[in-house]
Amino acid sequence: MPSSPGFATLTSGATSLTLLPSLGGRVRDVTIGGRQWLWHHPDAAFTVESEDASLGEAVGSGGLDECFPTVAACKIPTWVEGAAGARIAERGALWQQECDTEVGTGEFGNFANCTWTIQPLTFEFSRCVTVRPGGLIEFAYTAKNTGTRRAPFLWAAHPVFPLTDATQIILPQGTKARVWKADGVALAGGDTLHAWPKVRSGGTLVDLSRPAALGEQFACTLSVELPKTATEIVLQEGSVRLEMRVHGGEMAHAAIRINRGVLAPTDRNRSLMPWRRPRTYSTLTVGPCVGAPESLADALGARDSVRWVEPGATARWGMTWQAGKVEA
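Residue numbers for the sequence shown follow my numbering, beginning at 124 and rising by one.
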(Lines of atoms letter the chains of each structure in order from A; the text may use other names.)
(Lines give C-alpha, C1' and ligand atoms only; values in the text may rest on other atoms or scores of the structure.)
Protein backbone atom coordinates (compact mmCIF):
# COMPACT_ATOMS: atom_id res chain seq x y z
CA MET A 124 0.00 0.00 0.00
CA PRO A 125 1.37 3.47 -0.82
CA SER A 126 2.06 5.60 2.20
CA SER A 127 -0.12 8.60 2.94
CA PRO A 128 1.46 11.98 2.15
CA GLY A 129 2.22 14.46 4.90
CA PHE A 130 -0.20 17.32 5.34
CA ALA A 131 -0.50 20.82 6.77
CA THR A 132 -3.73 22.27 8.16
CA LEU A 133 -4.48 25.97 8.51
CA THR A 134 -7.31 27.02 10.81
CA SER A 135 -9.04 30.18 11.97
CA GLY A 136 -12.18 29.65 14.01
CA ALA A 137 -14.49 27.27 12.13
CA THR A 138 -12.62 27.76 8.84
CA SER A 139 -9.84 25.34 7.87
CA LEU A 140 -7.80 24.19 4.88
CA THR A 141 -5.62 21.08 4.59
CA LEU A 142 -2.94 20.73 1.90
CA LEU A 143 -0.54 17.97 0.82
CA PRO A 144 2.94 19.30 -0.10
CA SER A 145 4.16 15.95 -1.47
CA LEU A 146 1.21 15.75 -3.87
CA GLY A 147 1.91 18.92 -5.81
CA GLY A 148 0.56 21.10 -3.01
CA ARG A 149 -2.91 19.59 -3.50
CA VAL A 150 -5.56 21.14 -1.24
CA ARG A 151 -7.44 18.17 0.21
CA ASP A 152 -10.07 19.88 2.36
CA VAL A 153 -11.66 23.31 2.56
CA THR A 154 -14.11 23.71 5.44
CA ILE A 155 -15.93 27.02 5.37
CA GLY A 156 -19.46 28.01 6.28
CA GLY A 157 -19.95 24.72 8.13
CA ARG A 158 -19.29 22.58 5.04
CA GLN A 159 -16.29 20.65 3.66
CA TRP A 160 -16.58 21.64 0.00
CA LEU A 161 -14.11 19.51 -1.95
CA TRP A 162 -14.90 16.10 -3.42
CA HIS A 163 -12.89 13.00 -2.43
CA HIS A 164 -12.79 9.91 -4.62
CA PRO A 165 -14.38 7.10 -2.57
CA ASP A 166 -11.88 4.48 -3.78
CA ALA A 167 -8.65 6.45 -4.36
CA ALA A 168 -6.29 7.54 -1.61
CA PHE A 169 -4.49 10.87 -1.81
CA THR A 170 -1.24 9.52 -3.26
CA VAL A 171 0.62 10.07 -6.52
CA GLU A 172 0.00 6.41 -7.37
CA SER A 173 -3.77 7.02 -7.30
CA GLU A 174 -3.72 9.94 -9.70
CA ASP A 175 -4.96 10.05 -13.28
CA ALA A 176 -3.62 12.88 -15.42
CA SER A 177 -6.80 13.08 -17.50
CA LEU A 178 -9.03 16.10 -17.07
CA GLY A 179 -11.79 14.48 -19.09
CA GLU A 180 -13.34 13.24 -15.83
CA ALA A 181 -12.91 13.88 -12.15
CA VAL A 182 -9.18 13.83 -11.47
CA GLY A 183 -7.65 11.16 -9.28
CA SER A 184 -8.44 11.50 -5.63
CA GLY A 185 -10.10 14.92 -5.81
CA GLY A 186 -9.39 18.14 -3.94
CA LEU A 187 -7.94 21.27 -5.53
CA ASP A 188 -4.75 21.56 -7.51
CA GLU A 189 -3.09 24.03 -9.87
CA CYS A 190 -2.68 23.55 -13.63
CA PHE A 191 0.44 25.45 -14.79
CA PRO A 192 1.87 26.34 -17.37
CA THR A 193 -0.80 24.50 -19.38
CA VAL A 194 -4.05 22.69 -18.69
CA ALA A 195 -4.19 20.27 -21.63
CA ALA A 196 -1.12 18.32 -22.74
CA CYS A 197 0.71 20.10 -25.54
CA LYS A 198 3.91 20.59 -27.52
CA ILE A 199 5.38 24.08 -27.34
CA PRO A 200 5.64 25.73 -30.79
CA THR A 201 9.11 25.93 -32.32
CA TRP A 202 9.14 29.72 -32.29
CA VAL A 203 9.04 29.94 -28.46
CA GLU A 204 12.69 30.57 -27.59
CA GLY A 205 14.20 28.38 -24.90
CA ALA A 206 11.36 25.83 -24.90
CA ALA A 207 10.85 25.06 -28.61
CA GLY A 208 9.30 21.63 -29.13
CA ALA A 209 9.08 20.81 -25.42
CA ARG A 210 6.19 18.58 -24.38
CA ILE A 211 4.18 19.40 -21.27
CA ALA A 212 1.91 16.82 -19.65
CA GLU A 213 -1.80 17.27 -19.08
CA ARG A 214 -2.48 19.35 -15.95
CA GLY A 215 0.96 20.92 -16.33
CA ALA A 216 4.20 20.61 -14.39
CA LEU A 217 3.13 20.94 -10.74
CA TRP A 218 0.74 18.15 -9.80
CA GLN A 219 3.31 15.36 -9.38
CA GLN A 220 6.09 17.57 -8.06
CA GLU A 221 6.64 18.00 -4.34
CA CYS A 222 6.65 21.68 -3.48
CA ASP A 223 8.71 23.59 -0.93
CA THR A 224 6.26 24.61 1.78
CA GLU A 225 6.51 27.21 4.53
CA VAL A 226 3.73 27.28 7.13
CA GLY A 227 3.35 30.11 9.61
CA THR A 228 1.23 32.79 11.24
CA GLY A 229 1.25 36.28 9.80
CA GLU A 230 -0.40 39.59 10.59
CA PHE A 231 -3.61 38.58 8.81
CA GLY A 232 -3.93 34.88 9.60
CA ASN A 233 -2.35 31.44 9.25
CA PHE A 234 -0.63 30.84 5.91
CA ALA A 235 1.10 28.19 3.79
CA ASN A 236 3.42 29.32 1.01
CA CYS A 237 4.15 26.64 -1.61
CA THR A 238 6.85 27.09 -4.27
CA TRP A 239 7.70 25.08 -7.40
CA THR A 240 10.48 25.49 -9.98
CA ILE A 241 9.87 24.26 -13.52
CA GLN A 242 11.72 23.84 -16.83
CA PRO A 243 12.08 24.40 -19.78
CA LEU A 244 9.71 27.35 -19.41
CA THR A 245 11.77 28.92 -16.66
CA PHE A 246 9.31 29.77 -13.92
CA GLU A 247 9.31 29.86 -10.15
CA PHE A 248 5.63 29.45 -9.29
CA SER A 249 4.26 30.14 -5.84
CA ARG A 250 0.90 29.98 -4.11
CA CYS A 251 0.33 31.51 -0.70
CA VAL A 252 -2.90 30.42 1.01
CA THR A 253 -4.01 32.44 4.03
CA VAL A 254 -6.91 31.45 6.29
CA ARG A 255 -8.10 34.73 7.77
CA PRO A 256 -10.41 35.48 10.70
CA GLY A 257 -14.01 35.89 9.67
CA GLY A 258 -14.18 32.85 7.41
CA LEU A 259 -12.10 34.16 4.49
CA ILE A 260 -9.52 32.12 2.55
CA GLU A 261 -7.13 34.04 0.31
CA PHE A 262 -5.12 32.51 -2.55
CA ALA A 263 -2.24 34.68 -3.82
CA TYR A 264 -0.21 33.52 -6.84
CA THR A 265 3.07 34.58 -8.45
CA ALA A 266 4.94 33.32 -11.51
CA LYS A 267 8.50 34.65 -11.76
CA ASN A 268 10.46 34.21 -14.98
CA THR A 269 13.91 33.12 -13.80
CA GLY A 270 15.30 32.72 -17.33
CA THR A 271 16.79 35.03 -19.94
CA ARG A 272 13.92 34.90 -22.47
CA ARG A 273 10.32 35.96 -22.09
CA ALA A 274 8.07 32.99 -21.33
CA PRO A 275 4.33 32.25 -21.73
CA PHE A 276 1.95 30.41 -19.43
CA LEU A 277 -1.63 29.45 -18.72
CA TRP A 278 -2.93 28.78 -15.23
CA ALA A 279 -6.17 27.27 -14.00
CA ALA A 280 -7.44 26.42 -10.55
CA HIS A 281 -8.90 22.92 -10.57
CA PRO A 282 -11.16 22.42 -7.54
CA VAL A 283 -13.33 19.30 -7.73
CA PHE A 284 -16.69 19.61 -5.95
CA PRO A 285 -19.40 16.99 -5.38
CA LEU A 286 -22.32 17.48 -7.77
CA THR A 287 -25.67 16.97 -6.03
CA ASP A 288 -29.28 17.39 -7.05
CA ALA A 289 -29.23 20.76 -5.27
CA THR A 290 -26.02 22.15 -6.83
CA GLN A 291 -26.40 25.53 -8.51
CA ILE A 292 -23.70 27.47 -10.41
CA ILE A 293 -24.16 31.24 -10.35
CA LEU A 294 -22.24 33.46 -12.79
CA PRO A 295 -23.00 36.96 -14.06
CA GLN A 296 -26.15 36.74 -16.20
CA GLY A 297 -25.38 36.65 -19.91
CA THR A 298 -21.71 35.72 -19.51
CA LYS A 299 -20.40 34.41 -22.85
CA ALA A 300 -19.82 30.65 -22.84
CA ARG A 301 -18.56 28.04 -25.31
CA VAL A 302 -19.00 24.27 -25.14
CA TRP A 303 -15.77 22.35 -25.73
CA LYS A 304 -16.96 18.81 -25.15
CA ALA A 305 -20.28 17.11 -24.50
CA ASP A 306 -21.03 13.42 -24.01
CA GLY A 307 -24.49 12.08 -23.27
CA VAL A 308 -26.11 15.48 -23.77
CA ALA A 309 -26.64 17.41 -27.02
CA LEU A 310 -25.08 20.86 -26.60
CA ALA A 311 -24.07 23.16 -29.45
CA GLY A 312 -20.27 23.29 -29.51
CA GLY A 313 -17.57 24.68 -31.78
CA ASP A 314 -17.68 28.46 -32.20
CA THR A 315 -21.29 28.74 -30.97
CA LEU A 316 -21.57 31.44 -28.31
CA HIS A 317 -24.04 30.96 -25.48
CA ALA A 318 -25.28 33.44 -22.86
CA TRP A 319 -25.01 31.91 -19.38
CA PRO A 320 -26.90 30.08 -18.01
CA LYS A 321 -28.74 29.15 -21.22
CA VAL A 322 -27.05 26.76 -23.67
CA ARG A 323 -28.52 25.70 -27.00
CA SER A 324 -29.51 22.03 -27.23
CA GLY A 325 -31.06 21.21 -30.59
CA GLY A 326 -33.96 23.59 -31.05
CA THR A 327 -34.26 24.52 -27.37
CA LEU A 328 -32.31 26.25 -24.63
CA VAL A 329 -31.32 24.37 -21.48
CA ASP A 330 -30.28 25.86 -18.14
CA LEU A 331 -26.81 24.71 -17.08
CA SER A 332 -26.88 26.54 -13.76
CA ARG A 333 -28.58 23.47 -12.21
CA PRO A 334 -26.59 20.64 -13.85
CA ALA A 335 -28.45 17.71 -12.26
CA ALA A 336 -31.65 18.72 -14.05
CA LEU A 337 -30.14 17.83 -17.45
CA GLY A 338 -30.13 14.07 -16.91
CA GLU A 339 -28.75 11.13 -15.00
CA GLN A 340 -25.60 10.43 -17.00
CA PHE A 341 -23.65 12.97 -19.07
CA ALA A 342 -20.45 14.99 -19.13
CA CYS A 343 -19.57 18.37 -20.60
CA THR A 344 -16.85 21.02 -20.49
CA LEU A 345 -17.39 24.73 -21.05
CA SER A 346 -15.31 27.89 -21.09
CA VAL A 347 -16.87 31.15 -19.91
CA GLU A 348 -15.54 34.67 -20.43
CA LEU A 349 -15.57 36.63 -17.18
CA PRO A 350 -16.32 40.36 -17.03
CA LYS A 351 -13.19 42.56 -16.85
CA THR A 352 -14.16 43.66 -13.33
CA ALA A 353 -14.40 42.19 -9.83
CA THR A 354 -16.54 39.08 -10.25
CA GLU A 355 -18.09 36.37 -8.08
CA ILE A 356 -18.25 32.73 -9.14
CA VAL A 357 -20.78 31.14 -6.80
CA LEU A 358 -21.44 27.49 -6.00
CA GLN A 359 -24.68 27.06 -4.06
CA GLU A 360 -25.69 23.99 -2.07
CA GLY A 361 -29.03 24.26 -0.31
CA SER A 362 -28.86 27.07 2.24
CA VAL A 363 -25.13 27.77 1.93
CA ARG A 364 -23.04 29.17 -0.90
CA LEU A 365 -19.32 29.29 -1.68
CA GLU A 366 -18.29 32.62 -3.18
CA MET A 367 -15.09 32.60 -5.26
CA ARG A 368 -14.10 36.21 -5.85
CA VAL A 369 -11.78 37.04 -8.73
CA HIS A 370 -10.96 39.99 -10.96
CA GLY A 371 -11.64 39.56 -14.65
CA GLY A 372 -8.70 41.81 -15.45
CA GLU A 373 -6.42 39.09 -14.04
CA MET A 374 -8.50 36.00 -14.83
CA ALA A 375 -10.53 36.50 -17.99
CA HIS A 376 -11.95 32.97 -18.20
CA ALA A 377 -13.33 30.15 -16.08
CA ALA A 378 -13.59 26.47 -16.97
CA ILE A 379 -16.63 24.41 -15.97
CA ARG A 380 -16.51 20.60 -16.07
CA ILE A 381 -19.67 18.67 -15.25
CA ASN A 382 -19.58 14.89 -14.73
CA ARG A 383 -22.99 13.46 -13.87
CA GLY A 384 -23.33 9.75 -13.14
CA VAL A 385 -19.93 8.86 -14.63
CA LEU A 386 -18.74 5.28 -14.20
CA ALA A 387 -16.06 5.07 -11.53
CA PRO A 388 -12.60 3.99 -12.75
CA THR A 389 -12.62 1.16 -10.19
CA ASP A 390 -15.60 -0.43 -12.01
CA ARG A 391 -14.34 -0.15 -15.58
CA ASN A 392 -11.99 -3.10 -15.56
CA ARG A 393 -14.14 -5.52 -13.60
CA SER A 394 -15.95 -8.43 -15.17
CA LEU A 395 -19.55 -7.76 -16.10
CA MET A 396 -21.77 -8.65 -13.16
CA PRO A 397 -25.39 -7.92 -14.13
CA TRP A 398 -26.63 -8.33 -10.56
CA ARG A 399 -24.24 -5.64 -9.31
CA ARG A 400 -25.00 -2.00 -9.85
CA PRO A 401 -21.88 -0.17 -11.15
CA ARG A 402 -20.46 2.55 -8.94
CA THR A 403 -20.81 6.00 -10.45
CA TYR A 404 -19.91 9.46 -9.26
CA SER A 405 -20.98 13.03 -9.98
CA THR A 406 -18.55 15.92 -9.77
CA LEU A 407 -18.27 19.54 -10.75
CA THR A 408 -15.20 21.66 -11.42
CA VAL A 409 -15.51 25.44 -11.58
CA GLY A 410 -12.12 27.11 -11.86
CA PRO A 411 -10.91 30.58 -12.89
CA CYS A 412 -8.10 30.76 -15.44
CA VAL A 413 -5.27 33.08 -16.47
CA GLY A 414 -5.29 32.93 -20.25
CA ALA A 415 -7.73 30.98 -22.37
CA PRO A 416 -7.75 27.32 -21.42
CA GLU A 417 -6.81 24.74 -21.99
CA SER A 418 -3.80 24.07 -24.26
CA LEU A 419 -0.86 26.47 -24.06
CA ALA A 420 0.04 25.62 -27.66
CA ASP A 421 -3.47 26.47 -28.87
CA ALA A 422 -3.55 29.67 -26.83
CA LEU A 423 -0.23 30.70 -28.38
CA GLY A 424 -1.75 30.21 -31.83
CA ALA A 425 -4.96 31.63 -33.17
CA ARG A 426 -6.27 32.59 -29.74
CA ASP A 427 -3.21 34.66 -28.78
CA SER A 428 -4.49 34.55 -25.22
CA VAL A 429 -1.62 33.62 -22.92
CA ARG A 430 0.20 35.55 -20.23
CA TRP A 431 3.77 36.50 -21.17
CA VAL A 432 6.38 37.28 -18.51
CA GLU A 433 9.60 39.12 -19.31
CA PRO A 434 12.96 37.86 -17.91
CA GLY A 435 13.22 38.68 -14.21
CA ALA A 436 9.62 39.90 -14.03
CA THR A 437 6.81 38.44 -11.92
CA ALA A 438 3.13 37.97 -12.77
CA ARG A 439 0.69 38.22 -9.86
CA TRP A 440 -2.98 37.32 -9.41
CA GLY A 441 -5.28 35.99 -6.71
CA MET A 442 -8.72 34.95 -5.53
CA THR A 443 -10.64 34.67 -2.29
CA TRP A 444 -13.14 32.09 -1.06
CA GLN A 445 -15.86 32.90 1.43
CA ALA A 446 -19.11 31.23 2.42
CA GLY A 447 -22.42 33.01 2.54
CA LYS A 448 -26.02 32.18 3.44
CA VAL A 449 -28.70 31.95 0.79
CA GLU A 450 -31.29 34.66 1.25
CA ALA A 451 -34.81 33.33 1.74
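Where is the CB? At the ideal position from N, CA and C, for every residue including glycine.
Quick caveat, the model's predicted, so the values are computed rather than measured.
Nearest Cα to VAL347 within the set PHE341, LYS299, GLY338 and THR403: LYS299.
For the segment 292–370, the full-length beta strand (DSSP E) segments reaching 3 residues or more read 299–306, 321–324, 327–330, 341–348, 353–360 and 363–370 along the chain.
Taking C-beta atoms as the reference points, GLU204 and ALA280 fail to come closer than 9 Å.
Excluding sequence positions up to five before and after THR354, its CB lies within less than 6 Å of the CB of VAL369 and GLY371, all in the same chain and listed in chain order. Rounded to the nearest angstrom, the gap between the Cα atoms of PHE262 and HIS163 is 21 Å.
Here the C-alpha atom of VAL194 lies approximately 12 Å from the C-alpha atom of VAL429.
A contact between stretches requires three or more CB pairs, one per stretch, nearer than 8 Å, and the segment 231–250 meets this requirement with the segment 269–285. Between GLN340 and ARG402, the gap from beta carbon to beta carbon reaches 9 Å or more. ALA438 is bridged by DSSP to ALA266.
Within the DSSP bridge table, the entry for PHE276 names ARG430 as partners.
Straight-line measurement puts the Cα of ARG250 at about 22 Å from the Cα of SER418. For the options ILE241, ALA342 and LEU310, the alpha carbon positioned closest to that of LEU328 is the one of LEU310. In this structure, LEU161 lies near LEU187, with their beta-carbon atoms less than 9 Å apart. Look at PRO165 here: in three-state DSSP terms it is coil, with no helix or strand label. Counting every other CB atom within 10 Å of its CB across the protein chains shown gives PRO256 a total below 16, marking it as exposed. Counting only residues of its own chain and dropping the five nearest sequence neighbours on each side, GLY229 has a CB closer than 8 Å to the CB of THR253. Taking every protein chain shown into account, the CB of GLY185 has 16 or more other CB atoms within 10 angstroms, so this residue is buried.
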